[in-house]
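So the sequence lines, in the order shown, correspond to chains V, A and S.
Mapping the first sequence onto numbering that gives the first Met the number 0, position 103 (from 1) lands on 102, and the numbers just tick up by one.
Mapping the second sequence onto numbering that gives the first Met the number 0, position 328 (from 1) lands on 327, and the numbers just tick up by one.
Mapping the third sequence onto numbering that gives the first Met the number 0, position 38 (from 1) lands on 37, and the numbers just tick up by one.
Yeah, the Cβ is synthetic: ideal placement off N, Cα and C, and Gly gets one too.
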Amino acid sequence: MSLRDVILIPKEFPQDETVRVAAACVADGDAVAAGQTVLELEFSKAALELPSPSAGFVRLLCAEGDDVPVGAAAAEIHDSRESALARPAPAAAARPGSGAQPFLSAKAEELVLRRGLDTGPLAHLGLVRSADLVPAEPAPAAPIPAAPSTAGDGEPLPRAKLAEIAALAAGQNALASGVEALVRLPGPADQAALGGLRSLFTPRLLTLLCGLLKRFPALNGFYADGAAHFHPAVNLGYALDMDLGLRVAALGDLDGASPEAARDAVMDKIRRYMRGRLAPADLQGVTFTVSDLSGEGVDSFIPLIGADQSAILGVCSPDESGRARLVLRFDHRMLEGRAAARFLNALKTALEAQST
Amino acid sequence: MTASPVRTKPPADLWLRALFIRRLEERLFALYAEGRLHGTMHACIGQEFSALAVCGQLEPGDAVFASHRCHGHYLARTGDAAGLIAELLGRRGGVCGGVGGSQHLCRDGFFSNGIQGGIAPVCAGLAWARKLSGGPGIGVALLGDGTLGQGVVYETANIAARQALPLLLVVEDNGWAQSTARELTLAGDIATRFDSFGLTRFSGATADPEALWAAAAEAIAHVRGRRGPAVLFIATDRLCPHSKSDDCRAPGLVAEIAARDPLSRALAEHPERFAAAEAEIAARLDALVAAALAQEPLSLAEYAGPAPEPPRPAWTPARRDFEGTYAARLNAALGELMAARHEMLLLGEDLRSPYGGAFKIAAGLSDRWPERVPAMPISEAAIVGVAGGLALAGLRPVAEIMFGDFITLGLDQLLNHAAKFRRMYNHQARCPLILRTPMGGGRGYGPTHSQTLDKLLLGLDGVRVTAANLLLDPLELYGALLEQDDPAVVIEHKNDYARRAAFAAQPFLRHFAFERSGRGWPTLRLTPRAPDVALVTYGGCLTPVLEAAQELFREHEILAEIVLVSCLRPLPWPEILEALGARRVFTVEEGSAAGGFGSEILAGLAESGRDFRLLRRIAALPLPIPAAPALERLVLPNARSITQAVCEALHVPA
Amino acid sequence: MNGPTDNDFLPRVLAVIARELKRDPAGLGPDDAPGRTPGWDSQQHMRIVLALEDSFGVEFSNEMIVQLLSARALADHVRELTESAAAR
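This is the structure in structure tokens:
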């Protein structure tokens, strides 16, 4: 049996334990190219396509309509058609304890511990390597031929956009309000000479934000079912919107980090985003989002609060005097305007205190 | 001329028989001079009466083992002049189809071999078989004075005396060993040297053929009457060159010898007694030579026999767990086989109770079968030789060499005797002897008690070399070896003796399929899903290989399948190739790499035509194995070094 | 050593930049820069940097990205990275 790859069900959303197989796009024994869609999966919040990580011949391990656990193997990629179509070798049948506890390599074990993964779905693999846990380079969700729209006129949107809409909509039950302040952004004095690169000069903004959020937990939580929920830690989200779809990259807690480290964290995500290599892990668990449009020449804009969050900070372009508008949108169910204003002023004060 | 009953007076036609032998030898010289006889020969001209006195007085059930100067012995014993002449002329009608030639004859209990001295313990084994059978047969070994330089002769005398074997050693002392006068090389009084072993001494001389006949009769009767082994010294003269023309003795000396030769004198003094016989003999020889020359030589197909069928792989699940330590399992297996097979013996040093062998493998066995588990002295050459003789006689000896390092002492018996008997005697003999020996280091026993010398055995044609391992039931291995007819070696690993096979419970191995193919000495494959590399090994290396496989996966995410071979020679190629899934193959052995197991495997893989991406041997360093444990660990392969070697080859940081 | 005008990386770098900006390479020169050249904003700057990494097989450090603010500067840096890699 010449197995080349195993495709696992990815964990796209923390709350999903299982995923429904909406459609199988290939049949057993079919030749597939790297990146080609093998299955369409329905997650709780979005429909996504599952691509093959490598070229080869596919063998499906699940069928349309199946509910498959996250982390389980959905398909195999084989070296040859014969191998993909072959019945399991006697070796596999003869293997006692195929229901046995999986045996993990040291790296895989570390990953399991770090991510709190359940090893149950891995049992069928038997011997588990770290690569079995990290889906290899999932392609960003690609647009598929649109299904006919169910009602009315208008051009149907691609699935990816629909998923984006769903994600944004999730945060929009808020009683959203906003406060704004003009801030002199830190950075070299001669901003004109730097053209539109100001967006790369906000590392200090990010580190200060993370520190402040700890003093204003209402801005680092969310409202649900009549209760205020506070995230146990800060995980700063940085909105990336560079014509490859809107993604909010999770930077973690940058409180106390050097500006260089913060900058590197952002640049790392930007690189991954631009190469289409953002993994679910890069997007999960954001508690507060920064949307930086300072390079776009906007005086003001209204950002949308994200799911499981209570606020978002928008950064606008600096004016001729070198001051830029910061827009804080917040969920009034979590805090009042005065508290939001205090937060924004504290941020402005900290930023301006260190400007050159 | 058939063997006559023992009596002290020689038959009336003794001199004519001697004349026949002489004329035949002379005819062979002539054929050589004519270019019709190729190869070499060692004529017995001048010693005919010796051959007749001994070999002319034996029973059909007796065994004779001669060495290179064996024509007279053969003729006296079998009367088969036709076969002898055809053999020397290389024809299919020869005694051994032309395969053996002058020095390697075999027929009806008569054997000869061209290795000086080595024939002695084999003959002792033949004698021992006759003792065990309870019959009246004896073994007669024909040696020269030169043979008394060979150590194994004394090992044989010792064993023969200790075990009271019906063995008669005959020393034909013509004062010359090839070109060397006896006085130059042999010290002391050769006639008395066997006295110290307790062999009864008899003597005679071809100068007095009648007295010699009587002395031989006495010696034969002594041995046949089970009054102990004996030595018969026969003073004689070699009239002819050592072989064809290499006689550098002084011409005067040769003339003296000729002058006192009884047959020459009789021919000179009473030619009329021989005239009729001469004509008859000449005519007979003419006919025999013509008949032989008319024959075709043996074909290669007849000689080689059908090529053995390579095993057809058929994979079935293999057992993972066995009860008890390997030593206990082996001991039980030997006991079961000894009980079932009365022709089975165990020969070795220190096997007797209460010791039961250096590794306790034979514990308790000599209590149950004292005759079949005899005490053997520290004589590896003779142990192997005696076992070879027992096997020739149809018994099933299993000889233990206490440490594999000592196998070199018995290699001549294995290579030049046991491994050759069947083919060089043209399938007229079988020698199913089994040698078992523990090899391997790791206990700090030092350079001469720790070696893995499979490489010395892998090159022996005609020997099946197997290796025991924890996953192979010793009852199956030895049971199968005892059913086949060729010499075999079982390499065990001394570290396996105390180990238990308990693989079912190991969490890592539960994800491996354990399968086997073949009976007796099966090939095993332990396969996980989609392995990256293959580790091919045998025997005691299984344990460090399994440890390395686990470390490779745990620390480096490299997954190895394991192929475990039980038959090292001949290698079961169809099974090995089928077992191998990965394209990167490492062999693991405890011997050094040069000329060993790994080399053979790699050669076969290279010849297979399959596209392997990587082939590497992992082996010990080519240094004597140190006793100091820290050094020994670095010289011999272990789980860590195996892992490192694989990582290095795959360019993975180790 | 070599002056900026001797930099034979410049034409290739300009070709990559032109491709990202969807412009004719003939219309670009060493003084083209983000903020100054139409269409070369911060977003495009990242794109150009990544395209140069792929094209030349080099890797820009994050601090260099914010400092290389002209086509000439980019070409010089690409040359440095390439030469130091070859020297290893």
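Point to revise | Span of the alpha helix (DSSP H), counted from its first residue to its last, around C646(A) | key: Working through the second sequence from its first residue, we reach residue 646(A) at position 647. First-last of the alpha helix (DSSP H) with C646(A): A638 to A648.
Check your understanding: Taking three-plus beta-carbon pairs below 8 Å as touching, is the region 413 to 425 of chain A in contact with the region 470 to 488 of chain A?
Key -> yes
Practice item. Could you spell out where the beta strand (DSSP E) holding E491(A) opens and where it closes? Key: The residue you call residue 491(A) lines up with position 492 of the second sequence. Note, E491(A): beta strand (DSSP E), A487 to H492.
**Study point:** As assigned by DSSP and simplified to three states, the class of W14(A)
**Key:** For the purposes of this step, residue 14(A) is taken as residue 15 along the second sequence, with counting starting at 1. DSSP places W14(A) in helix when its eight states are reduced to three.
Point to revise | Neighbourhood of A204(A) by C-beta, 8 Å cutoff - its chain only, sequence neighbours within 5 removed | key: Taking the first residue of the second sequence as 1, we reach residue 204(A) at position 205. A210, L211, I233, A234 and T235, listed in sequence order.
Exercise for review: Please go through the same chain and pick out, in chain order, the residues whose beta-carbon is closer than 7 Å to the beta-carbon of L633(A), but skip the five residues on each side of it.
Suggested key: Within the second sequence, the letter at position 634 stands for residue 633(A). Once the five neighbours on either side are set aside, L633(A) has no close Cβ partner at all.
Practice item. Mind checking which residues open and close the beta strand (DSSP E) that includes E400(V)? Key: No answer is possible for residue 400(V): the residues shown for chain V start at 0 and end at 355.
Practice item. With a threshold of 16 other CB atoms inside 10 Å of the CB of P623(A), please say whether the residue is buried or exposed. Key: As a position in the second sequence, residue 623(A) is number 624, starting the count at 1. By the 10 Å Cβ count, P623(A) comes out exposed.
Review point. If you draw a straight line from the alpha carbon of A332(A) to that of D411(A), how long is it in whole angstroms?
Key: Looking up residue 332(A) in the second sequence gives position 333. Looking up residue 411(A) in the second sequence gives position 412. So the two alpha carbons sit approximately 29 Å from each other.
Exercise for review: Report yes or no: is there a C-beta of chain V within less than 9 Å of the C-beta of E554(A)?
Suggested key: To locate residue 554(A), count along the second sequence from 1; it is residue 555. Yes, because at least one Cβ of chain V sits closer than 9 Å to the Cβ of E554(A).
Review point. Can you list the residues of chain S that R276(V) reaches, using a CB-CB cut of under 8 Å?
Key: Stepping through the first sequence from its first residue, residue 276(V) is reached at position 277. Simply none; closest approach about 11 Å.
**Study point:** Proximity below 9 Å, CB of L344(A) to CB of R371(A)
**Key:** Working through the second sequence from its first residue, we reach residue 344(A) at position 345. Working through the second sequence from its first residue, we reach residue 371(A) at position 372. For L344(A) and R371(A), yes; Cβs fall inside 9 Å.
Check your understanding: Does DSSP put H77(V) in a helix, in a strand, or in coil?
Key -> As a position in the first sequence, residue 77(V) is number 78, starting the count at 1. Three-state DSSP puts H77(V) in a strand.
Review point. With 16 as the cutoff for other CB atoms within 10 Å, does G145(A) come out buried or exposed?
Key: Taking the first residue of the second sequence as 1, we reach residue 145(A) at position 146. G145(A) comes out buried.
Review point. Can you give the Cα-Cα distance for A503(A) and E599(A), rounded to whole angstroms?
Key: Position 504 of the second sequence, counted from the first residue, corresponds to residue 503(A). Position 600 of the second sequence, counted from the first residue, corresponds to residue 599(A). Distance between the alpha carbons of A503(A) and E599(A): 31 Å.
Check your understanding: Should T315(A) go down as buried or exposed, given a rule of 16 or more other Cβ atoms within 10 Å for buried?
Key -> In the second sequence, residue 315(A) corresponds to position 316, counting from 1. It is exposed - the Cβ of T315(A) has fewer than 16 other Cβ atoms within 10 Å.
Review point. Taking 9 Å as the CB-CB limit, is L2(V) close to chain A?
Key: Sequence index remark: in the first sequence, residue 2(V) carries index 3 (1-based). By this cut-off, L2(V) is an interface position.
**Study point:** Range covered by the beta strand (DSSP E) that runs through P396(A)
**Key:** What you label residue 396(A) is simply residue 397 of the second sequence in a count that begins at 1. First-last of the beta strand (DSSP E) with P396(A): R395 to E399.
Point to revise | Whole-Å CB distance - L541(A) paired with L125(A), under 8 Å assumed | key: Here residue 541(A) corresponds to residue number 542 of the second sequence, with the count starting at 1. Here residue 125(A) corresponds to residue number 126 of the second sequence, with the count starting at 1. Not quite, the Cβ-Cβ distance comes to about 39 Å (not below 8 Å), so this is no contact.
Exercise for review: Taking P527(A) as the query, report the chain V residues whose CB atoms sit under 8 Å from its CB, ordered along the chain.
Suggested key: As a working note, residue 527(A) is residue 528 in the second sequence. The contacting residues are G125 and L126.
Check your understanding: List, in order along the chain, the chain A residues whose C-beta lies closer than 8 Å to that of F102(V)?
Key -> Start at 1 with the first residue of the first sequence, and residue 102(V) comes out as number 103. Under the 8 Å cutoff, chain A gives P506, F507, R509, H510 and F552.
Exercise for review: Could you tell me the distance, in whole angstroms, from the CA atom of A286(A) to the CA atom of P573(A)?
Suggested key: Residue numbering aside, residue 286(A) sits at position 287 when the second sequence is read from its first letter. Residue numbering aside, residue 573(A) sits at position 574 when the second sequence is read from its first letter. If I take the Cα positions, the gap works out to 52 Å.
Check your understanding: Along the region 250 to 271 of chain V, what residues have a CB closer than 9 Å to any CB found in chain S?
Key -> E259, R262, D263, V265, M266, D267, I269 and R270
Check your understanding: Under the rule that 16 or more other beta-carbon atoms within 10 Å means buried, what is C566(A), buried or exposed?
Key -> On the second sequence, position 567 is the one that residue 566(A) refers to. Counting Cβ neighbours within 10 Å, C566(A) comes out buried, since at least 16 surround it.
Review point. If you follow the alpha helix (DSSP H) that L208(V) is part of, which residue opens it and which one closes it?
Key: Reading the first sequence from its first residue, position 209 is the one you call residue 208(V). Counting along the chain, the alpha helix (DSSP H) containing L208(V) begins and ends at P202 to R214.
Exercise for review: Examine chain V for any beta-carbon lying closer than 9 Å to the beta-carbon of I16(S), and answer yes or no.
Suggested key: On the third sequence, position 17 is the one that residue 16(S) refers to. So no, I16(S) is outside the interface.
Review point. Out of curiosity, what's the CA-to-CA distance linking S299(V) and V247(V)?
Key: Here residue 299(V) is taken as the residue at index 300 of the first sequence, counted from 1. Here residue 247(V) is taken as the residue at index 248 of the first sequence, counted from 1. Approximately 20 Å, taken between the alpha carbons.
Check your understanding: Is H228(V) helix, strand or coil when you go by DSSP?
Key -> If you number the first sequence from 1, residue 228(V) lands on position 229. Three-state result, H228(V): strand.
Check your understanding: If we count the other Cβ atoms within 10 Å of its Cβ and call it buried at 16 or more, is F102(V) buried or exposed?
Key -> As a first step, residue 102(V) is located in the first sequence; it is residue number 103 there, counting from the start. Counting Cβ neighbours within 10 Å, F102(V) comes out buried, since at least 16 surround it.
Point to revise | Close-in-space but distant-in-sequence residues of the same chain around L231(A) (CB under 6 Å, 5 per side omitted) | key: Here residue 231(A) is taken as the residue at index 232 of the second sequence, counted from 1. V169, F201 and A218, listed in sequence order.
Check your understanding: Relative to the alpha-carbon of S82(V), which residue among K106(V), G55(V) and A306(V) has its alpha-carbon at the smallest distance?
Key -> Taking the first residue of the first sequence as position 1, residue 82(V) is located at position 83. Comparing Cα positions, the closest option is G55(V).
Practice item. If I'm right that Q43(S) touches L20(S) with Cβ under 8 Å, what's the distance once you round it to whole angstroms? Key: As a first step, residue 43(S) is located in the third sequence; it is residue number 44 there, counting from the start. As a first step, residue 20(S) is located in the third sequence; it is residue number 21 there, counting from the start. Indeed they touch by this definition, with Cβ atoms about 6 Å apart.
Practice item. For S378(A), count neighbouring C-beta atoms within 10 Å of its own C-beta (all shown protein chains included) and say buried if the count is 16 or more, exposed if not. Key: Counted from its first residue, the second sequence places residue 378(A) at position 379. Classification for S378(A): buried.
Review point. Which ranges does the beta strand (DSSP E) cover as unbroken runs of at least 3 residues, wholly within the region 76 to 137 of chain A, from first to last along the chain?
Key: 109 to 111
Review point. Who are the Cβ neighbours of L121(V) in its own chain at under 6 Å, not counting the five residues just before and after it?
Key: Reading the first sequence from its first residue, position 122 is the one you call residue 121(V). Cβ within range, chain order: P101 and V127.
Check your understanding: Would you say K106(V) faces chain A, with C-beta separation under 9 Å as the test?
Key -> As a working note, residue 106(V) is residue 107 in the first sequence. Interface residue, yes.
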